[in-house]
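Presented below is the structure to which this report refers.
In the UniProt record's numbering, the protein residues as written are 1 to 278.
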C-alpha cells in the first residue's frame, strides 16, 4: 500500500511553503503563455488572471488547449514562452513538487482514491500525506486517531458523513467524485484545479457535484475545466473561453454566453444564444 501512496503526485504536497502574499488580488496570472509541439501551437499567448476567492471556469471545444494549459500550470509541461505567476511570484520554471508545495492542487484528472480502502481511510491517507507522515504505517493506530476527527469534518463538508465506513469501491460514481474532492481538500489547497469534475455523470450526479463545488469554494479559489455550460452558468464567477489554444472570450457567463465567437465555437452557428451546451 505504501508504494501506491508514494506513486501519487499529490504526495509531494508535504512541507508546505510559508504563507502566501494575500494582498495580491490575482492568485494566478499567466502572461503570454505559449506551448508548441513541433510547430503545432497548443496554447497560444494566453493572458489569464484568476481572482482570489473566485470560481473561474476554463471552457472550450475539444482540442482547444485546456488540458495542455492545466499541464503547464502544474509543471507536467514546460512552456515554449511566457510566464506563470502565483501570488505575484514567478513560478514558470519551478519543478512540479515545488509548485505543489505552494498549494496548487489538481483534482479529477484521474480517479484519485484507493478503491479497497474505506471512505474515511482515503481521507485520512490524504491528511497523512499533507503532514508528511505518509510512510509511517508502522505507527500505532492510536497515534493517528487525531486525524479521524478532521477526516470526518471533511467528509461532512462533501456530504459523505454517512459513508465513512463504506468501501470506496462500492460508492456510486458521483459519490466517488465527492470523495476525490474531500481528499483534495485534505491537502489544504490554496488554488484548486478541477479537471472536468462532472465528466461522465448523469444529471443527478452533475447537480450534486456542482452544489458541492459551490459549497467548498467558500474562502477558496478554484480554476476548473468544464464542458457542461449549465454547470459553469450556475457557479462560475468568471469564464475564459479557449479555441485553438487562444482566448476568444473572457467575462461573466451572461456576457460570454452571448458572444458570437463562443456560440460559433460550440455550436457551429451564430444564430442562437448558447444555453446548456456541453
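Glycine included, every Cβ here is placed at the ideal spot set by N, Cα and C.
Would you give the residue range spanned by the alpha helix (DSSP H) that residue 156 belongs to?
-> If you look at residue 156, you'll find it in the alpha helix (DSSP H) that goes 146-157.
Below 8 Å between beta carbons: does that hold for residue 56 and residue 238?
-> By the CB criterion at 8 Å, residue 56 and residue 238 fall inside the cutoff.
Under the three-state reduction of DSSP, which class applies to residue 8: helix, strand or coil?
-> Reliability of the predicted coordinates at residue 8 is poor, the pLDDT of 38 falling under 50, and no value is obtained from them.
Would you please state the rounded distance, in angstroms, between the beta carbons of residue 198 and residue 210? I believe it to be under 8 Å.
-> Confirmed, about 7 Å.
CA-to-CA distance, residue 187 to residue 130, given in whole angstroms | Between residue 130 and residue 187, the C-alpha separation is close to 5 Å.
Meets three-Cβ-pair contact criterion under 8 Å: the segment 85-98 and the segment 246-254 = In short, these stretches do not touch, since the Cβ pair count stays below three.
Residue 270 in three-state terms, based on DSSP = Caution applies to residue 270, whose pLDDT of 49 falls short of 50 and renders its modelled position unreliable; the model cannot decide the point.
Span of the beta strand (DSSP E) around residue 36 = DSSP places residue 36 inside the beta strand (DSSP E), whose first and last residues are 26-37.
Cβ pair residue 58, residue 242 closer than 8 Å | Closer than 8 Å, so yes.
Go to residue 83, then tell me how far its beta strand (DSSP E) extends in each direction, as first and last residue.
-> For residue 83, the enclosing beta strand (DSSP E) covers residues 81-86.
By a C-beta neighbour count over all protein chains shown, 10 Å radius and 16 as the cutoff for buried, is residue 262 buried or exposed?
-> A residue is called buried when at least 16 other Cβ atoms come within 10 angstroms of its Cβ; residue 262 meets this threshold and is buried.
Skipping 5 residues on each side, what residues in its chain have a beta carbon closer than 8 Å to that of residue 54?
-> Excluding residues within five positions, the ones whose Cβ falls inside 8 Å are 221, 222, 237 and 238.
Would you kindly check if the distance between the Cβ of residue 50 and the Cβ of residue 116 is under 8 Å?
-> It is not a contact, given that the beta carbons lie outside the stated cut-off.
CB-CB under 8 Å to residue 42, same chain, minus the five flanking residues each way: which ones, in chain order?
-> Taken in chain order, the residues that qualify are 35, 36, 65, 68 and 245.
When the Cα atoms are used, what is the spatial distance from residue 145 to residue 121?
-> Each residue's Cα considered, the two are about 11 Å apart.
Name, in chain order, the residues that DSSP records as bridge partners for residue 288.
-> The question about residue 288 has no answer here: the residues shown for the chain are numbered 1 through 278.
Beta strand (DSSP E) containing residue 43: first to last residue?
-> That run of the beta strand (DSSP E) goes 40-51.
In or out: residue 81 buried (at least 16 other Cβ within 10 Å) or exposed?
-> Within 10 angstroms of the beta-carbon of residue 81 lie fewer than 16 other beta-carbons, which makes it exposed.
Can you give the Cα-Cα distance for residue 171 and residue 123, rounded to whole angstroms?
-> So the two alpha carbons sit approximately 14 Å from each other.
Can you tell me whether DSSP reads residue 265 as helix, strand or coil?
-> Three-state result, residue 265: helix.
Do you know how far the Cα of residue 95 is from the Cα of residue 76?
-> If I take the Cα positions, the gap works out to 9 Å.
Looking at the structure shown, is residue 124 part of a helix, part of a strand, or coil, going by DSSP?
-> Three-state result, residue 124: helix.
Distance between beta carbons of residue 119 and residue 160, contact taken as under 8 Å = Rounded to whole angstroms, the Cβ separation of residue 160 and residue 119 is 6 Å, and the two are in contact under 8 Å.
Strand pairing of residue 73, partner residues [DSSP] | Bridge partners of residue 73 according to DSSP: none are assigned.
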